[in-house]
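Enquirer: I'd like to ask some things about the structure below.
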Amino acid sequence: MMHYYVGTLLDGTHFDSSRDRGTPFKFKLGEGQVIKGWDGGIKTMKKGEKALFTIPPKIAYGESGSPPTISPNATLQFEVELLSWISIKDIYKDGGIFKTILVEGEVWKNLKDLDEVFVQYEARLKDGTLVSKSDEVEFPVKDGYFCPALSKAVKKMEKGEKVLPTVKPQYKLSSLKVLKMILKERKGYDRPNDGALVKVKLMEKLQDETVFVKKRHDEEEPFEFKIDEEQIIDGLDKQ
377 MMHYYVGTLL DGTHFDSSRD RGTPFKFKLG EGQVIKGWDG GIKTMKKGEK
427 ALFTIPPKIA YGESGSPPTI SPNATLQFEV ELLSWISIKD IYKDGGIFKT
477 ILVEGEVWKN LKDLDEVFVQ YEARLKDGTL VSKSDEVEFP VKDGYFCPAL
527 SKAVKKMEKG EKVLPTVKPQ YKLSSLKVLK MILKERKGYD RPNDGALVKV
577 KLMEKLQDET VFVKKRHDEE EPFEFKIDEE QIIDGLDKQ
């Protein structure tokens, strides 16, 4: 939530004002970052609305007050102008994926498992490390792409919507999964089946960038192998 406010005592004494500072105040609703009277009052407001809240001590600063400006058991008044907010939704009501809407989408039908979607995405760790990115990728919802959270999140989106999903452990990549970063895009979603003969150029590196295997990487003829016939390591065979 982002808003301006002016706080006064019942005798008209000003004790705080974000408007005087010229900086809107931001906080997360319902997380105990402000007094209970604010949490309850601001959730009743609409964008652009200006309201005057009179907050009794029990849901303000109570018996302790907030010395030296707010005495014990003080009733407070706040003039509040609600400027904007960003909604965060628990999209499956299981604490697994929280969606922050950055850009609103169009009204859109609910996606089904057999629908094909065309998306752009970035996946990062909590510290900001880029794990995977794609400017253009198309896939059927039921098949998913990259990790379970991506298809789960897409299924709850609208056309043109831009979101920031926060993914909890139950939807993260398994430790047995291979992380894939797309370096060169290709359209379509067809993938080779078991037994297919595939041709690749392959370079294998350690995390410190040390190259320990090159297969036809600098040569014209690509390296060939059959899917699911144990000709390469499982981690590449399944990707």
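Per the working numbering, residue 377 is the first one in the sequence shown, and the count goes up by one each step. Every residue, glycine too, gets a C-beta built ideally from N, C-alpha and C. Quantities reported herein were computed from a predicted structural model and do not represent experimental measurements.
Spatial neighbours of Gly571 within its chain, please: CB distance less than 8 Å, with the 5 preceding and 5 following residues excluded, ordered by chain position.
Expert: Counting only Cβ-Cβ distances below 8 Å, and skipping sequence neighbours, we find Lys602, Ile603, Asp604, Glu605.
Enquirer: Who does Ala499 pair with in a DSSP beta bridge?
Expert: Answer is Ser508.
Enquirer: Are the Cβ atoms of Pro541 and Ile467 separated by less than 9 Å?
Expert: Against a cut-off of 9 Å, the Cβ pair of Ile467 and Pro541 comes out as a contact.
Enquirer: Can you grab the Cα-Cα spacing for the pair Gly408 / Trp414, in whole Å?
Expert: Between Gly408 and Trp414, the C-alpha separation is close to 10 Å.
Enquirer: So for Asp491, helix, strand or coil by DSSP?
Expert: If DSSP states are grouped into helix, strand and coil, Asp491 belongs with coil.
Enquirer: Can you give me the Cβ contacts of Glu537 inside the same chain, cut-off strictly under 6 Å, excluding the 5 residues immediately before and after it?
Expert: Result list for Glu537: Gly481, in chain order.
Enquirer: CA-CA distance, Glu580 and Ser393?
Expert: Approximately 59 Å, taken between the alpha carbons.
Enquirer: Ignore the nearest five residues each way along the sequence and tell me which others in Val382's own chain have a CB closer than 6 Å to its CB.
Expert: If we look at Val382 and ignore the five residues flanking it on each side, its Cβ neighbours are Ser393, Arg395, Glu455.
Enquirer: Kindly indicate the opening and closing residues of the beta strand (DSSP E) around Ala427.
Expert: Counting along the chain, the beta strand (DSSP E) containing Ala427 begins and ends at 426-431.
Enquirer: Quick one: what's got a C-beta closer than 6 Å to Leu506's C-beta in the same chain, skipping five residues either side?
Expert: Same-chain partners within the cutoff: Arg500.
Enquirer: Per the DSSP calculation, Thr476 is bridged to which residue(s)?
Expert: Thr476 is bridged to Ile464, Leu540.
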